[in-house]
Structure formats: C-alpha cells, structure tokens
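Beneath this line is the structure, given in structure tokens, with notes to follow.
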Amino acid sequence: MISYSLSAFIGYSIGRFGHIYGGQIAFFPHHLIVGLFLVVLSLFWRNKYFKVMIFCFGIGIFVSDFDDFLGLKFWEADNVIVKKFWGFD
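Residue numbers 0 to 88, in numbering that gives the first Met the number 0, belong to the letters of the sequence shown in order.
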C-alpha cells in the first residue's frame, strides 16, 4: 500500500515539475495524455503488483495536470505565471 502511494506521489511530482519547467514548450502535448496512456497500459499488464504501480503512477501524472483536463487543453503551451509545486494548474 505504501509503495502504491509513493508511486502516485512520484508521478504527481514528475507531472508538476514538467508543468512548471517544461509547460511553456509550444506544440507539445500536455502530460495528462501520458498519464491517461499509463492508466490504459496498466489495464493490459499481467503482474498485479506492477499493474497497480503503473496505474497509480499514471493517476499521479494525470492529477497533476487536472485543471488543463477540465479546460480541455491537450496540445498547447502553458502560461505559468506563479510557479507553485502544490496544486492543480
């Protein structure tokens, strides 16, 4: 259980770091697409432990960019004015 939470936190951290420092790159998809891809990929994994680890990691990445998902932003640069790690921008 702790490893699943840690996997989700690492995914969230990587997603936030990518949003703050790499989100200004134009013509690059948002990392929520990577998170959704990992969630779908985990459905086809055989080993249950790695299946849940990949699922939690994908959810962590997806949640870190949840505000862009709600705004249906999939393929545009982010305008990061205030660089904050915790949150959903």
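Note that CB positions come from ideal geometry on N, CA and C, so glycine has one too.
Everything numeric in this text was worked out from a predicted model, so none of it was measured.
- In chain order, Phe73 place their CB closer than 7 Å to the CB of Ile32, counting only its own chain and leaving out the 5 sequence neighbours on each side.
- For Lys47, same chain residues with a beta-carbon under 8 Å away, outside a window of 5 residues either side, do not exist.
- Straight-line measurement puts the Cα of Ile53 at about 20 Å from the Cα of Pro28.
- Close CB contacts of Ile60 within its chain, under the 8 Å cut and outside five residues either way in sequence, are with Gly10, Tyr11, Ile13, Gly14, His30, Leu31, Val33, Gly34, Leu37 (chain order).
- Collapsing the DSSP output to three states places Leu71 in coil.
- Relative to Asp66, the option among Tyr3, Ser2, Ser4, His18 whose CA is nearest is His18.
- Boundaries cannot be given for Phe43, as no alpha helix (DSSP H) includes it and DSSP labels it neither H nor E.
- The beta carbons of Tyr3 and Val39 sit no closer together than 7 Å.
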